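Undergrad: Per my numbering, the very first residue in the sequence shown carries number 2; after that it's consecutive.
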Amino acid sequence: MRLVLVGPPGAGKGTQAQFIAEHLQVPKISTGDIFRANVSEGTALGVAAKAFMDRGDLVPDDVTVDMVRDRLVQDDALGGFLLDGFPRTVPQAQTLDDVLRDSADAALDVVLELVVDDDEVIRRLSGRRTCRTCNHIWHVDFDPPEVEGVCDRDRGELYQREDDKAETVANRLSVYAEQTSPLVSFYAERGLLVGIDATGPVDDITARALGALRPFAAARTGE
Ligand code: AP5
Ligand code: MG
Numbered sequence: 002m003r004l005v006l007v008g009p010p011g012a013g014k015g016t017q018a019q020f021i022a023e024h025l026q027v028p029k030i031s032t033g034d035i036f037r038a039n040v041s042e043g044t045a046l047g048v049a050a051k052a053f054m055d056r057g058d059l060v061p062d063d064v065t066v067d068m069v070r071d072r073l074v075q076d077d078a079l080g081g082f083l084l085d086g087f088p089r090t091v092p093q094a095q096t097l098d099d100v101l102r103d104s105a106d107a108a109l110d111v112v113l114e115l116v117v118d119d120d121e122v123i124r125r126l127s128g129r130r131t132c133r134t135c136n137h138i139w140h141v142d143f144d145p146p147e148v149e150g151v152c153d154r155d156r157g158e159l160y161q162r163e164d165d166k167a168e169t170v171a172n173r174l175s176v177y178a179e180q181t182s183p184l185v186s187f188y189a190e191r192g193l194l195v196g197i198d199a200t201g202p203v204d205d206i207t208a209r210a211l212g213a214l215r216p217f218a219a220a221r222t223g224e
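1) Which residue's Cα is closest to the Cα of G81: L4, G157, R102?
2) From R156 to P88, what distance separates their C-alpha atoms?
3) Would you kindly work out how many angstroms separate the C-alpha atoms of V122 and D106, rounded to a whole number?
4) Does the distance from the C-beta atom of P235 to that of V141 stay below 8 Å?
5) I need the straight-line Cα distance from D119 to Q17, nearest angstrom please.
6) Return the chain-ordered list of same chain residues with a C-beta closer than 7 Å to the C-beta of A210, the five sequence neighbours on each side being excluded.
7) Taking only runs that begin and end inside the region 82 to 127, name each unbroken alpha helix (DSSP H) of 4 or more residues, in chain order.
8) Going by DSSP, what residue range makes up the beta strand (DSSP E) through T131?
9) Residues bridged to S31 by DSSP?
10) Could you tell me the distance, in whole angstroms, from the CA atom of V60 to the CA atom of R215?
11) Can you tell which of G212, A208, E163, T65 has its C-alpha closest to the C-alpha of G57?
12) Does the ligand AP5 have even one heavy atom less than 7 Å from the beta-carbon of F82?
13) Using 8 Å as the cut-off, can you tell me whether the region 63 to 77 makes contact with the region 26 to 33, which would need three or more C-beta pairs spanning the two stretches below that distance?
14) Whose CA, out of L84, V117, R129, lies closest to the CA of L101?
Here it is in C-alpha cells:
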C-alpha cells in the first residue's frame, strides 16, 4: 500500500506512523526524521536544512524532493510505503505523482488526514520527547516512559526537539495552514483523502485509522 499521512505539527503523524506501518508491513518514511539524522551527522543536507527547521519553516522543495526521490527508489519501498511529513506543498505532491509513475508505474492509494485543533497540538508538542537512537516518540504526561528521560524500548536518551519551543510551534502552525493544508482539497478532489478524528487515546486512533484504511487496502488487493 502507498500511503501518505497529513496533518498539522503534533497531530500524531509520527506516533501513528509507527503502528500503521508495522501493521501494513511497509517502511515508514519520515522526512523530518531523515532531516534530523542529517543535522546530527553534520552532512551537507543537514547543514542546508537546519536553519529552516529551527525557524519552523519548510526546507525548500528542490532539496526535499531529491531526498525523497532517492529514498523511494530503494528496494524496500518499491512495493509500498508510508510517508510521514511528505508531501507538504502542492508542488511536492505533484512531484510525488511523477516519481511514482516513473519509478514503479504506480500511484498513491490513500492519504490519511489526522484532524486535531491547535490547542491540542500545543499541549502535545510542549511535552514531546524523542529517543535519540530509535526515534520512538513519548510524551511527559500523555505517554511517559517508565524512567524519565530514558526510552523503554532501547534505553536510548530522550531529547526535546529544537523546534518545539512555543514561538517556533506558532510559526509551524501558520506554515501548515498556508502551505500544507491546500493538500487536503488537492487529494480530496482526486478521491484519495480520508480524514479521522485524531484526539483521544493513541490505541483508539490507530484502530480508527486502520478501519478507515481498510476499504483502500481491499481495493488494492481486489477483495
Ligand atoms: P516533522 O518532523 O515532520 O514535524 P511536523 O510535521 O511539524 O510534525 P511533528 O513531528 O511535530 O508532529 P507529529 O504529527 O509527528 O506528532 P507526534 O506523533 O510526534 O518536520 C520537522 C521539520 O522538518 C519541518 O518543520 C520542516 O522544516 C522540515 N520538513 C520535514 N518534512 C518536510 C517537507 N516535506 N518539506 C519541507 N520541509 C520539511 O506527536 C506529538 C506529541 O503528541 C508526542 O509527544 C506524542 O507522544 C503525543 N501524542 C501523540 N498522539 C497523542 C494522543 N492521541 N494523545 C495525547 N498525546 C499524543
Ligand atoms: Mg513527526
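No residue lacks a Cβ here, since even glycine has one placed at the ideal position from N, Cα and C. In this text the structure is predicted, and so the values were computed from the model without any measurement.
TA: Considering the structure as presented:
1) As a first step, residue 81 is located in the sequence shown; it is residue number 80 there, counting from the start. The residue with the shortest Cα to Cα distance from G81 is L4.
2) Locating residue 156 in the sequence shown gives position 155, where the first residue counts as 1. Locating residue 88 in the sequence shown gives position 87, where the first residue counts as 1. So the alpha carbons of these two residues sit roughly 32 Å apart.
3) As a working mapping, residue 122 is identified with position 121 in the sequence shown. As a working mapping, residue 106 is identified with position 105 in the sequence shown. About 37 Å.
4) Because residue 235 is not part of the residues shown, which for the chain are 2 to 224, the question remains open.
5) Counting from one through the sequence shown, the residue named residue 119 turns up at place 118. Counting from one through the sequence shown, the residue named residue 17 turns up at place 16. C-alpha separation (whole angstroms): 18 Å.
6) Position 209 of the sequence shown, counted from the first residue, corresponds to residue 210. Result list for A210: Q17, I21, L113, I197, in chain order.
7) 91 to 105, 119 to 127
8) Your numbering for residue 131 matches position 130 in the sequence shown. Unbroken beta strand (DSSP E) run through T131: 129 to 132.
9) Translated into positions along the sequence shown, residue 31 becomes position 30. DSSP, once it has assigned bridges, lists D85 as partnering S31.
10) One-based indexing of the sequence shown puts residue 60 at position 59. One-based indexing of the sequence shown puts residue 215 at position 214. Answer to the nearest angstrom: the Cα atoms are 33 Å apart.
11) The residue labelled residue 57 in the question sits at position 56 within the sequence shown. Among G212, A208, E163, T65, the Cα nearest to that of G57 belongs to E163.
12) Here residue 82 corresponds to residue number 81 of the sequence shown, with the count starting at 1. No, the beta carbon of F82 sits no closer than 7 Å to any heavy atom of the ligand AP5.
13) yes
14) Working through the sequence shown from its first residue, we reach residue 101 at position 100. Closest option to L101, Cα to Cα, is L84.
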